[in-house]
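Residue numbers (the working numbering): 337 to 467. C-beta atoms are modelled at their ideal positions from N, C-alpha and C, and glycine is treated no differently. The structure displayed is predicted, hence computed values, not measured ones. Please read the structure below before turning to the comments.
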């Protein structure tokens, strides 16, 4: 769900920006836990090569969700060689129920897809509505 214009929060130098379920405080830390529910990608040779590589990953990781494949290949030397500039969006701007923002006036997007199953996604919203 978009609450306000997200473009003001994007890093102008990044090729690939992705929301996080868990943000470690550094937008370039590959150990952040990404959530592919909100992604902003600049179209260029680096991102095209990266997406081709990512898509091919389904053959190397059969049965894995594309988000899980990303969680592995973001560390691979090929991604560094391509020169892809990845930035992770802090949870203070792209909130979710896994790590909710403490200041809803700053949140740009909200997602519930860090929870597994529809009932799990609905429960936190209902409980948060009572606070």
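- Here residue 440 is exposed. Its C-beta has fewer than 16 other C-beta atoms within 10 Å.
- Residue 424 and residue 394 have their C-alpha atoms some 22 Å from each other.
- If you check the CB distance, residue 372 and residue 353 do not come in under 8 Å.
- In terms of Cβ geometry, residue 418 and residue 386 form a close pair [threshold 8 Å].
- For residue 370, the secondary structure class from DSSP, reduced to helix, strand or coil, is strand.
- Taking residue 406 as the centre and dropping the five residues before and after it, the same chain places the C-beta of 370, 372, 390 closer than 7 Å to its C-beta, in chain order.
- Assignment of residue 444 by DSSP, reduced to helix, strand and coil, places it in the coil class.
- As a beta-bridge residue in DSSP terms, residue 353 pairs with 376, 423.
- With contacts defined by Cβ atoms closer than 8 Å, residue 339 and residue 445 form a contacting pair.
- Excluding its 5 nearest sequence neighbours in each direction, residue 442 has C-beta neighbours in its own chain below 7 Å: 428, 429, listed in chain order.
- Under DSSP, residue 358 forms a beta bridge with 369.
- Burial state of residue 350 is buried, judged by a 10 Å Cβ sphere holding 16 or more other Cβ atoms.
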